[in-house]
Every structure is written in structure tokens, then in C-alpha cells.
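Novice: This structure is in C-alpha cells; I'll ask about it shortly.
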Amino acid sequence: MSALIAKLKRTPLPRSSASMTFLLMTVMFAVVPVAAGSTFSTFSVYTALQIFGTYGLIALALGITMIAGQFDLSTLGMYSLGGMVAVKLGQGAPMTGVAAAVLVGAVAGLIQGSIVSRFRINSMAVTLGGFLVLLGLSRTLGDDRTVSYDDVGVGIILDRPLAAVLSMHTLVVLGCFVLIATVMARTRLGRDIRAVGGDARASHIAGVHVERVTTGVFVISGVLAGLAGALNAFTLSSALVNPGFAPLVFAGTAALIGGVGLAGGRGTAWGIALGALSLSLLQAMFGMLASPSWVSSIITGVLLAAAAAFSGLRRQTVWMAWKRSMSHMTNRNPGRLGGNGISP
Amino acid sequence: MTGEMVLTVPTESGRKNRRSIGRAETLLAVATLAVLVYGALTTDGFLTLEGLKATVSGVGILGIVAVGMTCVTLSGSLFCLTLGSTLTISSMAFLSWMSIGVLPALVLTIVMGALVCAVQGLLIGGLAANPIVVTVGLGSLQIGVASWLTNQSTVYPPAGASYQWLSAVYAGLPLSVYVLVALVLAVAAWLSWSRTGQLIRLVGENSRAARAAGIPVTGTVVAGFVIAGGCAALGGVLLGATDGNATLLSGGDRYTYDAIAAVLVGGAAAGGGRGKVQHTVYGALFIALISNMLLLRGFGGGAQMLVTGVLVLIVLLIFQMRRRVR
Amino acid sequence: MAGVTKSYGALHALKGIDLTVEAGEIHALCGHNGAGKSTLVKVLSGIVRQDAGTMAIDGRTVDFHHPGDAQRAGVSVVDQEISLIPALSVRENLLLGLPNAPFFVRHATSELFVKGLLARVGLEGLNPLTLVERLSLGERQLVEIARALGRGGRLLILDEPTATLSDVEIDLVFKAVKTAASEGTSVLYVSHRLGEVLEICDKVSVFRDGNKVTTSEVGKLVKRSLIELMVGEVKGDDTVRPVLAAEVSPRLQVRGLQTPRLHGIDLAVDRGRIVALAGQIGSGAGDVLRALAGLVPEASGLVFAEDKRVRLGSPSASLRAGLSYVSNDRKSEGLFLEQSTQTNLVATRLDSLSRAGFVRSRALRSIASGLARIVGLESKMASPVGTFSGGNQQKAFLGRCLMRGDKGVLLLDEPTRGVDVAGRSEIHRLIRDAATAGNAVVFASTELDEILDLADEVVTLSAGRIVSARPRAEVTTEELLSDMTHVEREVVNP
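Protein chains in written order, with my numbering: chain A, 151 to 494; chain B, 921 to 1246; chain C, 120 to 613.
Shown next, in the form of C-alpha cells:
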């Protein structure tokens, strides 16, 4: 049994598992509801994209931190706080609300990122505390009640269908994805993020400012989560005090499906986008089948656990790497001799 | 960390270590004292017998869940984020199953809680899956299943069931407090004297060394989770009995966070292998004190969560700084 | 460098070393383990600071507090621990961390730079966009050298760069090194492989016991004389150990042991005998022990302990068969640093000390004190092992394996790594006592002294195969070193 596990550990990750999943989901989405009797329309696609708009940025936020080898649990809290801040400070001035939410997100990310990088504390533990602080703050601001936003018009503008399937909301989210994808692939910062996630020690030796990059990643995640919260609050015209765990489950599954490993260094913004889109299609499909919400909960829960189990099989996790951070020995696999032959 | 050459000549005093553990207890004691004094001076009704009783009563169920959480942390699996959900579904299950008798329902519920968490332990211990992600995922699964089975409605106990003794007050304190005390004694004894209990610490401290030493890592981690699940189920039973009904909105998540905070504040230090169950309970008491004080001063659940979060961060920082000094 | 002295704890690792390297010179550092080579490299690369003495590069005095200082002064180190990021491409790794890099990575301008670097190490045909994780070990080594060159290296230090490479790859490394030297970079080549040293180096400095014994030009040296210089005086232990009555069949028998790194290993060890597995890093000596300990899931072959078949791939199966393993990394794969000596000593036998799931504490304490007494740690029973010196930690680790009645086989990987001289002799004594008490002992080591000191039989490994197996009496120091250091470069088929 352990030999089998060892062999599984060595198999190369199938390229673009994210795209394969996305294709699968698209097919299911197109076929299953029709087979069950409901009609397929552009509205269905619109719905799916709206779901993507709601949760996509959280997936991106969490995913970026995972690529950098960390794990930001506080995105959930920031999502809630972002909405609260946007609603409270944005009455009559939505842009101010958004700006405020983003700013708060940046500050929260800065604080947590500094704690993680300067004090070398596990990001999961720190962001758990951060999550409590942010969610607590959000609830305190709202007096533990849902706060409504007066200008319903903003939400209408945000969600008005453009080109039948898109909306301002989804466009903003897609824009963020494009921006982050560009940064990750084309800039020094993006390269450094991937480097630090892949091997922080080697990056440090090479001269990368590991602390700055780590802190920066949390700032990015805070900004994205805050933005997501603000947009969502405007869409619903109210700020929810209790998002529950659902956004986190979505975000985690989307990132894992999208090829972001739990060990860091791997994954792209496009992968996360594909993962988020796949999940959105799945949830929209459940909606069309008029299945009760618990079906979605169960399926996504199982998906997340399965993805985590598979990911754990293949690589060391952030958590195990942290446990080993006290010792000086690293577990290196020197690889096989030979490999691709070089012509002498 | 780069350039890691340990240049200090190592000292062979175990005394340094013992002193630092002792310091954690004194730190907590001092902090508790400070809160008590501050509370007494500034808040009405805080330091009265009634107030203190209220605090202690509130700790019962939280403490039970926190004990379970401690076992998970000790085994090195960080935290089980499901326990709140397990608590919720346990209270629902218990109330529904009471038609077959209170005691059988109790046993059945605890078994269910243990099983649900055992699965998580399997994935985390056997496949080295990330504990946060696995537990979050399976928490969603649990709520989903419960939602399906109950059709999202409130669960009431069958008429005529005699379960009131579970939520009754004896000598001024609810049963949950006595259960907690008994549980702490039992679990602490088990951790110190049983083979699996000792193995949990070893696995929690260094699972790689444990595996090399022939210790069954998977089974040990599962054991930790089984206890956690059982504790959460027990808490759910008591909660259901106290409330007289159970719904999905019973707010189980709050127990998850507070239990984690209790473990951290109590010093199990999220590191695995270190820490004692008793300390967790002190941590839970501390948090309950602060929560109660906030409540008396008119702050709601949000503020309590906020303060808990800040506490967690402070404690993490303190622990890390102490570790560096060593 | 002039008069560099470095003392480390009780060990005087370097005693007043003077070393001069010219620009464009390829200078070898030779000496077997513990001679001081690695400490000197650490000082030069800024990881460790010297206690006394000065260093100067290009006439300017330098003082390194931090690896970054050394890098800025133009010193780069390439060792076996590859410092490339596997998930990034070759070009990204080459450009990583360079100061003054623009925010937006422009492919055009850096393209020339990257291609140029790759050409200098003979990798012109390599697509810079390839992910490092897809490269062979040799290619990775070359990319690392390229990166070092790309940082304007004045001094390139190569620490055992060819230990795990195939011949083809070694040739490429040589070419790269010679190119670098011809461009004015000085190269410090640290290696056990005397054949390679003689092939590409201009000068050789031999180290022994922290002293630099000599620096000579390669042309003037003959292989034999190099070995003699390295060996110096080796203290042998002449005490005759009692020969135990042999059992009918050997305590431990291994036939055809195969793992991804081992190709058909056969061994037979009687009770009371100590067998040394000698070989450099990468030879497979440590892998044999790990496979026997059950830590290699894909291991196959026949292993018998006391004529009973041992199932491979399971640490608990090996333990039950009496095979106790002491790994070479006691801190992360052996001891529980926060736990007491007592806990550590009994960690592998909690099963036998429990009844109905509960530990029999009195039995546990008595066994633990018995073990502690044997290894001399009884005064430290309750202290956490993490506070001990290396020697005491190793003793605690060793203690775990003892007192197994008549069934014991001890598998020790580098038993005195990181232990000072005094601790070393104590541990050797413990090992000999364990053998006398009836255990079969197999240990892997890269230290000449240790092998010659302890072994009854010496088995030399190279590239996963057994090169020779001889009783101690028939082994001379020079032959051993020669076997281990690969003087005749064999053709290894990867």
C-alpha cells in the first residue's frame, strides 16, 4: 500500500488538470439540466457568471497566498468586513465605500503579513486570529445585524446584464484576474512570489526579499477580499454579518482544482479562474435543477476534502513544512540520473 | 532560514525548559487576575457570586469541545474546524433519536460524532492532507447532510422524553460543568497513562521521527480525532438538551473558534506534542471571563469575537518570541 | 587569505589556515571528513565567521557576517543542495534576485544574457523556458554554476559537485569550470574524487585535522602520494574483541536488495560482528540501512533476520524483526527533542510495555533506567533531549536500540555525525559493547577513522553497488581511501 502511495507521489501532475475540469463542468452544465427537463438559456450562463463574480475574487485572494506558500484564512473575515465598511461609508458615494473597503483590506493584509514574515509564525494560525478579528469587527460595526444599503440603484447597475451574460460586477472581477495574471507572469514581483512559494530558503540565498514579498502577498489578498465584499454588498444592497464557511470552501476548492498546490510555488491566476468558473458552473447547475442548497454543500465539501487528500498525497503541505521548519534538514530528492540527455 | 549554523555551545540544563513552561501558567494566572480586578472595578455584577457562576456555567460546553480540540492539536494536526458543525448536527441527531430512549440516543450520537471525525483523521494522518482544508470541507459536508435529513427545519425532541436531567442545575452549576471536570480528568489521565495517549504526543511533535520509530501514525491521529468528535457530540447533546430544540443556525461555529482560542491561550501552542488539557480549560475560562465581562458591559457577540481574535494573535506572538529567545 | 583560524566549540576545526588562490586558478581542497574543508567553505561563503585571521579578495580585506556579504564580494558556492526553485523556469532562476531588475520582465533584453550564461556552461541547446524540475541533476548543477557566473563571480566554490552525476554530466561540469577559469574566475574545487582533482585542477591543498598539510601543483603529484598526504596517521584500535560463538546461520542476511538507488546488494552479518558500509555521499551506504529499516517503500529483495523473512517497506515490521535503525539525522528523523530522555529511550517499545492499552509505568521506568545506565545518561533522565550536546543526543538515540535480548540488529547511519572527539570514543565503545552483547551491527560511515576503528568487516559501495567486501585485517588505510575516493574513474551506466 505504501509502495503504491510512493509511486503516486512520483507521478507528474497532469498538465492543465484545471482546463480538463473546466471542460468537464461546461459539458455537464450544458447537458445535465436539459436532460432533467429545464431549458438552457443565456440566463443560465449569466447566473453562473454571477456566482463567479461573487466568489471569484476570494478564490483569487486565497489562491495567491497559497502560491506564495502561505494560507490566508482571513479572506473570509475580510470579505464580510469589506462589505460592512463599503455599506457604512458608501451611503450615497459608492466609490468611497469601495475605496474604504480596499484600504481596510490592505491594512489588514499588511498587519498579518508582517506578523507572518517577521515573526515566522505559521500563516494559518495568524490568519485564523485575523479572521476572528475581522469578522468580529464587522459584526461589531453592524451591531450583529444585517445593515442595508440605501441606494439599490448601485446594485442594479452592477448586475445589469451586458451582452446577455456579463455584468459590471463580473467584468470588474475578470479585470482583477487579468491584472493579477499579468503581474504573476510578467513582472519581477510575480516571479518572486512563485519563487518564495517554491523554496523560500533558496529564494533568500538568491537575493529575493522574502519578507517583503510575503507581506505583499497578504496585502494583495486583503485588497481582493475587501473588494469582493464591497461588490457583493452593493449587489445585495446589504452587508451580511455571517457569510458562513461557504465562500472559503468555494475558494479553497477553486484554487486546488485550478492547480494551486498546498505546498506553494505552483499554480497560476488563470488556473484559479478556471477552477472558480468550474465551480460556478457546478453551483449554477444545481440551481437550475432546483436542488436544495444542501446538495451543493455536500458536493463541494466532498470535492474540497478529495482535492486536499489528493494534493496531500503528492506533496508536502505548508503545514508539514512548517512542522519541519525547526529542524535543519530538508528532504531532498536528488532526482534520477540521466534525465533528458544533453548532446555533448 | 539561511546560514543556519548553531554556534552556541549547548547547555545541558533541563531547568531552562521547565522554567519557560511554568512561566506560561504564571502568565495566564496573572492575566486572569488582572481581568478579574479590572472587571470587578469597572463592571457591575462581574465579581459577584452570580456573575462568577454565570461565567463558569458558560464554560461547560465550550470546555468540552475545547478538550476535544486539544487532542487534535496535540496530535500535530493543527485544528479541526469541523467541531462546531459536529456539535450542531449532534444536537440535532440526539433530539431526533431520543425516540429510542435517552441513553441509547446519547451513545449513538457520540459514536456518530466520533466516526465523522475519524474520517478526517484518516485523511489527515494517512494521506498527509492539509488539516484546515479537510476539516473545512467535511464541515460543509456535515451541514449539508444534516440539512438534507432534516429538511432545514428545527428539530424537537419527542414528547414525553425525559432528558431534562441533562440540562438541570445541581448545586448551582449545570451538569455540563461536572461533565467537563470529569472529562478533563479522564482525558488527561488517558493522555498520560495510555499507550495511544503517549503516542499522540510523539506523533504531534515529530511525525517523521515517529514513523521511523515504527509508531502507527495514522491510527494515532485518528485516535485524536475520534476523541475530538466524541467531545463535540457530547457538547451537542448537552446543548440540545439545554435549548430544547436544535437547528442549523444554532451557532456551532462560535464553538469552533472559541475552542481554538481556548487551546491557543491555554498554551497547547498549536505545535503538537506540547500542552496539557487542563491548560486548555484554563484558557477557556479566561475567554469566558472576558466574554462575560464584555456582555455585562453591553457588547455583543461581534465584540467578543473581535477580542478573542486579538487574544489569539497576542498569544501567538508571545509564544513565538519565547521560542526565539530559547 | 592569511592565517585564518576558526574554532568551533571544543573542536578546532581550522588551525591557522593560509591559502592563496590566483585569478583563473582551479584550486582543489582535499581531505577526508572532519579535516576542515567544509568549515573553510562555510567561512569563505559567509555562513560562519572565523575566530581569527583575515581574508582578502583582490587585495581588499573582507569580513563576512552574512552570506549576502560574501555574495556581494563575488563569492558563490555551488554544492550538492541545489538552490534552484523547481517550479520556476531556467531563465527565471538565472534572473532571480538580481539587483536592479526592472519591474516588468522584458524578455528581449534578458534573452541575450540568459543565452550567454547557458552557453558558458555548455547548455546552449537548452530552452530557457524549461522548468527546472524537468532537468536532470547534472543539468541543474550546470544551471547553478551558470547562475553563479552570472553574478560576476570572483571566486566560485564547488563543494562535491559531482558526487551524484553521471560521467557525461561530469564532463560538462569540467568544461564549464575550465571556461570560467579561463575568464578569470578563481575556482575552489572541494572533492573526495582524487581522479577528478588530478584531471582539472591546477593546485591542490590537502587538509588534515584542521591543518593545511601542503599545497602543491598537480603536475608534481602522483595519485598515491596524494592519498598518503590525506591519510597521515590513522589510529587503529588494537584491542581484540571476543569472538562470539557463531550461530548456525548469520543473524542478518540480505540478498538482492533493490531500490531506485541500489542495484542488488548482498550482505551477511553474524551476531557479535560489526560490518562497515563504506562509501562517499551518493554511494548508497545510507540507502541500504534505510531500506533495511523499512523506510523505503519501493524496496525489494530478500531480507532475513534469524532466518525469518522480514517484510520490507514498513518500519514496524523491521522493528518487530529486531532491526533497530539510527538515522543520520537525529534531529528530524529520530529523537523527539522536547521529550525527556526517558520518553525517547522507550519510544520504540511502548507496545511491549503496555497492557490493555495502558502503559505499565513501573516496567517502563525500569527499562528506561537500564538503558540510560548503559549509555551513561541516567543523571539526565528527565531532561528534554533537545538541550543535550550532539554526543549525548546520539547516545540517547543509540540507547533506544539496545537491550533487545537476543534478536538485535543495529543499523547505524553515521553514528558519530556532529559528535565531538570525546563523545565519539564513548559511542564507539557502546557500539563495541553492543556487539559483544550479541547484537549484529551494520553501520554506514564516510569517516576513515571510524571505519577502521570499529569494523570487523569492510564493505565498500559505490553508485549503489558493492565494490568490495573484505575483513578488516586485509584492509589498509590507503586501499580504503582509494576505494572510497574513486581514484580510478569507472564508467558508470546511469
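Positions of the beta carbon are idealized from the N, C-alpha and C atoms, including for glycine.
Note that the structure is a prediction, hence the values are computed from the model and not measured.
Alpha carbon to alpha carbon, how far is B/G1004 from C/R191?
Specialist: Their Cα atoms are separated by approximately 53 Å.
Novice: If you draw a straight line from the alpha carbon of B/L1001 to that of A/V283, how long is it in whole angstroms?
Specialist: Whole-angstrom Cα-Cα distance: 17 Å.
Novice: Please identify the residue among C/L530, C/G272, C/A189 and C/N212 whose C-alpha is closest to the C-alpha of C/L414.
Specialist: Cα-wise, what sits closest to C/L414 is C/L530.
Novice: Thinking C-alpha only, which one of B/S1127, B/A1208, B/P1077 and B/Q1224 is nearest B/L1261?
Specialist: Only positions 921 to 1246 of chain B appear in this structure, which leaves residue 1261 of chain B out of reach.
Novice: In terms of residue numbering, what span does the beta strand (DSSP E) encompassing C/L371 cover?
Specialist: Taken as a continuous stretch (DSSP letters only), the beta strand (DSSP E) holding C/L371 covers L371 to T378.
Novice: Report, in whole angstroms, the separation of the C-beta atoms of A/F190 and A/V184, which I expect to be a contact under 8 Å.
Specialist: With 8 Å as the limit, A/F190 and A/V184 qualify as a contact, their Cβ atoms being about 5 Å apart.
Novice: Below 8 Å on the Cβ atoms is my guess for A/L377 versus A/A251; work out the distance and round it to an integer in Å.
Specialist: Indeed, because the Cβ distance is near 6 Å, the residues count as touching under 8 Å.
Novice: With 16 other CB atoms within 10 Å as the buried threshold, where does C/D182 fall?
Specialist: Answer is exposed; the Cβ neighbour count stays below 16.
Novice: At the level of alpha carbons, what is the spacing between C/L277 and C/R428?
Specialist: Rounded to whole angstroms, C/L277 to C/R428 spans 44 Å at the Cα level.
Novice: Quick one: residues in its chain with C-beta nearer than 7 Å to the C-beta of A/I201, no 5 flanking neighbours on either side, listed in chain order?
Specialist: S430, Q433 and A434.
Novice: For C/P434, go through chain B and note every residue whose CB falls closer than 9 Å to its CB, in chain order.
Specialist: Chain B residues near C/P434: R1131, A1132, A1133, G1134 and I1135.
Novice: To the nearest whole angstrom, what separates the beta carbons of A/W225 and A/S371, a pair I think is in contact under 8 Å?
Specialist: Position check: residue 225 of chain A holds Thr in this sequence, whereas Trp was assumed. Right, the Cβ-Cβ distance comes to about 6 Å (below 8 Å), so this counts as a contact.
Novice: Apart from the five residues on each side of it in sequence, which residues of its chain come closer than 8 Å, Cβ to Cβ, to B/N1165?
Specialist: Cβ neighbours of B/N1165 beyond the five flanking positions: L1015, T1074, V1075, Y1076 and P1077.
Novice: What residue range is occupied by the uninterrupted alpha helix (DSSP H) comprising B/V1099?
Specialist: Per DSSP, B/V1099 belongs to the alpha helix (DSSP H) from L1095 to W1113.
Novice: Per DSSP, which residues does C/P590 bridge with? Please list them.
Specialist: DSSP output for C/P590 lists C/E576 as bridge partner(s).
Novice: Three or more C-beta pairs under 8 Å: does that hold for the segment 1206–1222 of chain B against the segment 987–997 of chain B?
Specialist: No, the segment 1206–1222 of chain B is not in contact with the segment 987–997 of chain B.
Novice: Find the residues of chain C that neighbour B/S1114, judging by a C-beta separation of less than 7 Å, and give them in chain order.
Specialist: Near B/S1114 (Cβ distances below 7 Å), the residues of chain C are G476, F477 and V478.
Novice: Check C/E336 in the structure and name its three-state DSSP category.
Specialist: Strand, per DSSP.
Novice: Is there a C-beta anywhere in chain B that falls below 8 Å from the one on A/V274?
Specialist: In the sequence as presented, Val is not what sits at residue 274 of chain A; that position holds Met. Taking Cβ atoms only, chain B reaches closer than 8 Å to A/M274, which makes this a yes.
Novice: Between the Cα of B/R1121 and the Cα atoms of C/A206, C/L456, C/S498 and C/E288, which residue gives the shortest distance?
Specialist: The shortest Cα separation from B/R1121 among C/A206, C/L456, C/S498 and C/E288 belongs to C/L456.
Novice: DSSP state of A/H498, grouped into three classes?
Specialist: Given that chain A is displayed from residue 151 to residue 494, the structure contains no residue 498 of chain A and the question cannot be resolved.
Novice: For A/A434, is the beta carbon positioned less than 7 Å from some heavy atom of the ligand GDP?
Specialist: What this structure holds is no ligand at all, so the ligand GDP is not there to describe.
Novice: Step through the CB atoms of chain A and report whether any lies within less than 8 Å of the CB of C/I204.
Specialist: Taking Cβ atoms only, chain A reaches closer than 8 Å to C/I204, which makes this a yes.
Novice: Is the segment 402–411 of chain A in contact with the segment 212–227 of chain A, if contact means three or more CB pairs nearer than 8 Å?
Specialist: Because the criterion of three Cβ pairs below 8 Å is met, the segment 402–411 of chain A and the segment 212–227 of chain A touch.
Novice: Let me know if C/I136 comes out buried or exposed under the rule of 16 or more other beta-carbons within 10 Å of its beta-carbon.
Specialist: It counts as buried.
Novice: With C/R327 as the anchor, note down where its beta strand (DSSP E) starts and where it stops.
Specialist: Unbroken beta strand (DSSP E) run through C/R327: K322 to R327.
Novice: Nearest CA to the CA of B/C1037: which residue from B/P1024, B/F1239, B/P1051 and B/A1181?
Specialist: The shortest C-alpha separation from B/C1037 is found at B/P1051.
Novice: Does the Cβ-Cβ distance between B/F1206 and B/A951 come in under 8 Å?
Specialist: Yes, these two residues count as a Cβ contact at 8 Å.
Novice: Which residues in chain A have a C-beta closer than 7 Å to the C-beta of C/F223? List them in chain order.
Specialist: In chain order: R336 and T337.
Novice: By how many angstroms is the C-alpha of C/L248 removed from the C-alpha of C/G187?
Specialist: Roughly 27 Å between the two C-alpha positions.
Novice: Starting from the N-terminal side, write out each stretch of the alpha helix (DSSP H) that is 4 residues or longer and does not extend beyond the segment 969–1046 of chain B.
Specialist: As far as the segment 969–1046 of chain B is concerned, its whole alpha helix (DSSP H) runs of at least 4 residues are 969–994, 1003–1017 and 1022–1041.
Novice: Answer yes or no: do C/A487 and C/V504 have a C-beta to C-beta separation smaller than 8 Å?
Specialist: For C/A487 and C/V504, no; Cβs fall outside 8 Å.
Novice: So, at 6 Å on beta carbons, what are the nonlocal neighbours of A/V237 in its own chain, with the 5 sequence-adjacent residues on each side left out?
Specialist: Cβ neighbours of A/V237 beyond the five flanking positions: V297, Y299, A383 and A389.
Novice: Indicate whether B/G1203 and B/V1097 have their beta-carbon atoms separated by less than 8 Å.
Specialist: Contact: no.
Novice: Starting from C/F455, trace the alpha helix (DSSP H) in both directions and tell me its first and last residue.
Specialist: No alpha helix (DSSP H) holds C/F455; DSSP gives it neither H nor E.
Novice: Report the three-state DSSP secondary structure of C/H382 (helix, strand or coil).
Specialist: It is a strand residue.
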